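Okay, so the sequence shown: first residue is 7 according to the working numbering, each after it adds one. Note that the Cβ used here is the ideal one computed from N, Cα and C, for glycine as well. Everything numeric in this text was worked out from a predicted model, so none of it was measured.
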Amino acid sequence: MSELIYFDNNATTKTDPAVVEAMLPFFTQLYGNPSSMYPFAGEAARAIRLAREKTAALLGCDPREIIFTSCGTESNNTAIWSALRTQPDRRRLVTSRVEHQAILSNLPLLRKQGYQIIEVGVDEHGRLLWDQFLEALTPDTALVTCLWANNETGVVFPVTEMAEACAERDIPFHTDAVQAAGKIPLNLADAKIDLLSISGHKMHAPKGVGALYVRRGLKFSPFIIGGHQENGRRGGTENVPYIVGLGRAAELALANLADESTRVRTLRDRLEHGLTSAVTHTRVNGGGADRAPNTTNISFEYVEGEAILLHLAARGLCASSGSACTSGSLEPSHVLRAMGVPFTAAHGSIRLSLSVHNTETEVDKALEIFPPIIAKLRALSPFWRDDGPNTGGPLTCETGACQVCDA
Ligand SMILES: Cc1ncc(COP(=O)(O)O)c(C=O)c1O
Numbered sequence: 007m008s009e010l011i012y013f014d015n016n017a018t019t020k021t022d023p024a025v026v027e028a029m030l031p032f033f034t035q036l037y038g039n040p041s042s043m044y045p046f047a048g049e050a051a052r053a054i055r056l057a058r059e060k061t062a063a064l065l066g067c068d069p070r071e072i073i074f075t076s077c078g079t080e081s082n083n084t085a086i087w088s089a090l091r092t093q094p095d096r097r098r099l100v101t102s103r104v105e106h107q108a109i110l111s112n113l114p115l116l117r118k119q120g121y122q123i124i125e126v127g128v129d130e131h132g133r134l135l136w137d138q139f140l141e142a143l144t145p146d147t148a149l150v151t152c153l154w155a156n157n158e159t160g161v162v163f164p165v166t167e168m169a170e171a172c173a174e175r176d177i178p179f180h181t182d183a184v185q186a187a188g189k190i191p192l193n194l195a196d197a198k199i200d201l202l203s204i205s206g207h208k209m210h211a212p213k214g215v216g217a218l219y220v221r222r223g224l225k226f227s228p229f230i231i232g233g234h235q236e237n238g239r240r241g242g243t244e245n246v247p248y249i250v251g252l253g254r255a256a257e258l259a260l261a262n263l264a265d266e267s268t269r270v271r272t273l274r275d276r277l278e279h280g281l282t283s284a285v286t287h288t289r290v291n292g293g294g295a296d297r298a299p300n301t302t303n304i305s306f307e308y309v310e311g312e313a314i315l316l317h318l319a320a321r322g323l324c325a326s327s328g329s330a331c332t333s334g335s336l337e338p339s340h341v342l343r344a345m346g347v348p349f350t351a352a353h354g355s356i357r358l359s360l361s362v363h364n365t366e367t368e369v370d371k372a373l374e375i376f377p378p379i380i381a382k383l384r385a386l387s388p389f390w391r392d393d394g395p396n397t398g399g400p401l402t403c404e405t406g407a408c409q410v411c412d413a
């Protein structure tokens, strides 16, 4: 595995060795239940308190505003259902067309329960349609929930301005910041954001821990009902080692944010520029928008993303595709379709997401690996005129209405 090039950090990240080190004593030595009364267990309670302070520092908020959860999905679900339960007279939820499944999968159930759901669209660069967004904000809106940085394209929504517009109308605002935390500065003290979700495993903590920020004074209803843990806001004995891990990861992310976001952006840009220069008929999805520094989503037209991934995997490069062929539907990503990316481009899209652990050597290796793979796949494509490596072009569709090339 020493040759592995891991460019799939929006899927999950490697747990930082310093995070593992911080967690280990809480499995084997300091394993007390933080709710117990004796001093031994007090160590665990103290560790949670410290982790809460570190997590709050990353988000620029008060530690009392942090609730530890099991993941980003739980944080998102908690935010949605809390807002709906605490405002039973409001029957509208506003979101966007490019959210993660952790939000989108709630929508059918909400519709069934009679909620009106408004999914605001995006432009060709993945930017929120601002006028459509403002129009959606009616007095019966219980919650606006929109992600901060898109997991597929990295496109960043103007969350601070969105929260401001919601606050002016007395509408609670939640943001899924799972792909933003640790990558771009988040300062909640200066923002009108009411609820915000993060996930440990996207920022070098382990899988199985997350947090929800709940602005002080906001009405709140727990999602997991049980004991008095988390100040009565999330039942269940605290996952002490993982919470400690999240705190340590937040501390590292904050300390390295300025330097690492610049370094990772330079690597991402080198990769993106190298690939789009070496291979013809490519497009950077979201390239015209403000983006998280670690993510690029590139369409290699007239090839299947899944096929590219298989070839990359054979060379030890881990990435992900924007199509959902694994579901058997052959439907390209809802995010790319919302941006109006043509079918042929959406199907050939690859997401490459970097992290603090990636290097220039890996980027240069990737730049060697990609072009021959694309050339090989295009040579096999019925939609490609093969005039030699990367010198061919798409065949023109003569059939008229064609789903494949959007003619
Ligand atoms: C934007 C976004 N939100 C939520 C989630 C879900 O986070 P978790 O895996 O911690 O449940 C993800 C994971 O990919 C994500 O990218």
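Excluding sequence positions up to five away, which residues of its chain have a Cβ less than 8 Å from the Cβ of residue i?
i, result
"Ser-333", "With a pLDDT of 46 at Ser-333, under the threshold of 50, the modelled position of that residue is not reliable, and no figure is offered here."
"Thr-34", "none"
"Cys-324", "Leu-10, Ile-11, Tyr-12, Phe-13, Asp-14, Leu-318"
Taking a contact to mean a Cβ-Cβ separation below 7 Å, would you say residue i touches residue j in this structure?
i, j, result
"Leu-202", "Tyr-219", "yes"
"Arg-384", "Glu-158", "no"
"Ser-81", "Ser-227", "no"
"Glu-307", "Ala-351", "yes"
"Leu-153", "Glu-105", "yes"
"Met-29", "Gly-253", "no"
"Val-347", "Asn-291", "yes"
"Val-362", "Glu-266", "yes"
"Arg-255", "Val-25", "In the sequence as presented, Arg is not what sits at residue 255; that position holds Ala. Yes, they are a contact pair."
With a 10 Å radius around its C-beta and 16 neighbouring C-beta atoms as the bar for buried, classify residue i as buried or exposed.
i, result
"Leu-281", "buried"
"Asn-16", "buried"
"Gly-160", "buried"
"Leu-140", "exposed"
"Gly-120", "exposed"
"Thr-19", "buried"
"Gln-235", "buried"
"Thr-79", "buried"
"Met-209", "buried"
"Thr-272", "exposed"
"Leu-10", "exposed"
"Arg-274", "buried"
"Ala-407", "Unreliable positioning characterises Ala-407 in this predicted model, as indicated by a pLDDT of 49, which lies under 50. A coordinate reading is not provided."
"His-279", "exposed"
"Ser-1", "Nothing can be reported for residue 1: it is not among the residues displayed for the chain, which extend from 7 to 413."
Within the same chain, show all residues whose beta-carbon is closer than 6 Å to that of residue i, passing over the 5 residues directly before and after it, in chain order.
i, result
"Ala-155", "Val-162, Gln-185, Ala-186, Ala-298"
"Gly-232", "Gly-241, Gly-242"
"Cys-172", "Val-150, Phe-179"
"Thr-288", "Thr-282, Ile-304, Phe-306"
"Thr-92", "Lys-225, Ser-227"
Just checking residue i against ligand 1 - is the residue's beta carbon closer than 6 Å to any of the ligand's heavy atoms?
i, result
"Ser-205", "yes"
"Ala-108", "yes"
"Leu-342", "no"
"Leu-153", "yes"
"Gly-160", "no"
"Asp-182", "yes"
"Asn-303", "no"
"Gly-78", "yes"
"Gly-216", "yes"
"Asn-157", "yes"
"Gln-185", "yes"
Identify the continuous beta strand (DSSP E) that holds residue i and give its terminal residues.
i, result
"Asp-182", "179-182"
"Ile-356", "355-359"
"Leu-149", "147-153"
"Gln-122", "122-126"
"Gly-216", "216-220"
"Asn-15", "Run containing Asn-15: none; DSSP gives neither H nor E here."
"Ile-73", "72-75"
Using a Cβ-Cβ cutoff of less than 7 Å, which residues in the same chain neighbour residue i once the five nearest sequence positions on both sides are dropped?
i, result
"Val-246", "Phe-32, Pro-40, Ala-50, Ala-53, Ile-54"
"Ile-249", "Ile-54, Ala-57, Phe-74, Val-215"
"Asp-129", "Leu-135"
"Ala-183", "Trp-154, Leu-192, Leu-202, Ser-203, Ile-204"
"Phe-46", "Gly-38"
Would you give the residue range spanned by the alpha helix (DSSP H) that residue i belongs to?
i, result
"Ser-339", "From DSSP, Ser-339 is part of no alpha helix (DSSP H); its letter is neither H nor E."
"Ile-204", "Ile-204 -> not in any alpha helix (DSSP H); beta strand (DSSP E) instead, spanning 201-205."
"Thr-282", "246-284"
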